[in-house]
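Each residue of the sequence shown is one higher than the one before, counting from 2 in the working numbering.
Think of the CB as a built atom: it goes at the ideal place given N, C-alpha and C, for glycine as much as any other residue.
Since the structure is predicted, the reported quantities are computational estimates derived from the model, not experimental observations.
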Amino acid sequence: MIITRTLPELRAAARHLGGLSFVPTMGALHSGHVSLLAAARASGRPVAASIFVNPTQFGPAEDFNHYPRDEAGDLAQLEAAGCDLVWLPDVTTMYPPGSATSVNPAGPALLWEGAARRGHFAGVTTVVTKLFGQVQPEAAYFGEKDWQQVQVVRQLAADLHLPVEIIPVATARARDGLALSSRNRFLQPAERARAPALFAALCEAARRISSGGAVAPALAAACATVTQSGMAVQYIALVHAHTLVPCDTLAHPARLLAAARLGTVRLLDNLPVTQSDASVPDYP
Ligand code: AMP
């Protein structure tokens, strides 16, 4: 595995390997990241991953300084996952003094996380554009765990004619249904025990809506269950899966999106909803 920390090193290694599959991350890797690497490997192309905790996608009151960092552990996981090239830029490489250009996304970036975290998706699309320019991958893999991010990055690649295929990868979950996330380590044990209630509530809402139940009461019931589990619901919504505009009735394709605060952690999750029960995972 080639480890690169400067742009000339990265460019030489990327040219040498050619036609890359790329997995951008902020590190603190877990099995969700590993499933992205496995999907990238399955493409048959050489695999590159980046680790960069991007300051511009954190708000002033957010956890940039406390975001978990574990470079040695991450490199061991990347090596074990068969990664060929790692890109570890520092902040000055990504944002050199005097840089004056950023990306300003609209459309699906304005809703949900974009409304709750002002500037977040501008930070994401700016850093992803830079990473694509640096690594020049043929394909890039993003987790459905961050469903809105996948739609925003697809829109970015389409609008700016970026020559990269955006490939979504299914959400990796703990046995009890909780979507894996680097921030889950900040849940206290009692909170961790309650956290799967978010996914369970989404499954129940998806079942009700997909079997013909009205949308509003299904969402209200999900909010009530999640609130009773000790979380502060920020949103639970049925949306068009790509535009992310809310739907009153079951549109095609549709997605349930949710965000809830549990202690100091914001949990995000989402599920597809179709007219049959087939899309709803088996969950107790
Ligand atoms: P992050 O390091 O949190 O920026 O995540 C890097 C990539 O991993 C993003 O594309 C995430 O959507 C993806 N990811 C994070 N958690 C999961 C998960 N539980 N399942 C699948 N992908 C994930």
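Beta-carbon contacts of residue i that lie in its chain and below 6 Å, excluding the five residues immediately before and after
| i | result |
| --- | --- |
| residue 266 | 184, 187 and 188 |
| residue 128 | 55 |
| residue 126 | 104, 106 and 157 |
Nearest candidate by alpha-carbon position, reference residue i, set the options
| i | options | result |
| --- | --- | --- |
| residue 230 | 212, 139 and 196 | 196 |
| residue 76 | 6, 133 and 15 | 6 |
| residue 89 | 103, 61, 57 and 132 | 132 |
| residue 239 | 28, 55 and 257 | 257 |
| residue 204 | 157, 160, 268 and 273 | 273 |
| residue 149 | 269, 97 and 26 | 269 |
| residue 93 | 261, 57 and 17 | 57 |
| residue 1 | 216, 263, 45 and 262 | A query on residue 1 cannot be resolved here, the shown segment of the chain reaching from 2 to 285 and no further. |
| residue 73 | 249, 262 and 30 | 30 |
| residue 224 | 12, 65 and 261 | 261 |
Chain-order list of residues whose beta-carbon lies under 8 Å from that of residue i (same chain, five-residue window excluded)
| i | result |
| --- | --- |
| residue 2 | 76, 79, 80, 84, 85, 86 and 87 |
| residue 226 | 198, 201, 202 and 205 |
| residue 33 | 144, 146, 172, 173, 180, 181 and 182 |
Cα-Cα separation, residue i to residue j
| i | j | result |
| --- | --- | --- |
| residue 137 | residue 191 | 44 Å |
| residue 219 | residue 213 | 11 Å |
| residue 19 | residue 47 | 8 Å |
| residue 135 | residue 228 | 44 Å |
| residue 122 | residue 209 | 32 Å |
| residue 21 | residue 110 | 27 Å |
| residue 107 | residue 153 | 8 Å |
| residue 67 | residue 59 | 11 Å |
| residue 39 | residue 167 | 15 Å |
| residue 259 | residue 17 | 42 Å |
| residue 275 | residue 98 | 48 Å |
| residue 162 | residue 41 | 22 Å |
| residue 243 | residue 178 | 24 Å |
| residue 241 | residue 101 | 34 Å |
| residue 165 | residue 151 | 13 Å |
| residue 96 | residue 124 | 11 Å |
| residue 155 | residue 139 | 14 Å |
Residues near residue i in its chain [Cβ-Cβ closer than 7 Å; skip 5 each side]
| i | result |
| --- | --- |
| residue 285 | Model confidence at residue 285 stands at a pLDDT of 43, short of 50, so the residue's coordinates are unreliable; what they give is reported in the following sentence. Result list for residue 285: empty, nothing under 7 Å. |
| residue 37 | 24, 142, 144 and 170 |
| residue 26 | 34, 50, 51 and 52 |
With a cut-off of 8 Å, do at least 3 Cβ pairs link the stretch 217 to 233 to the stretch 138 to 155?
no
Which parts of the stretch 121 to 172 are runs of the alpha helix (DSSP H), unbroken and 4 residues or longer, counting only runs that do not cross its ends?
121 to 136 and 148 to 160
Determine, using beta-carbon pairs with one atom in the stretch 111 to 131 and one in the stretch 166 to 176, whether at least three such pairs fall under 8 Å.
no
Could you name each continuous beta strand (DSSP E) segment of 3 residues or more that falls completely within the stretch 21 to 86, going from the start of the chain to the end?
22 to 26 and 48 to 52
Length at least 3, wholly inside the stretch 169 to 194: the beta strand (DSSP E) runs in chain order
none
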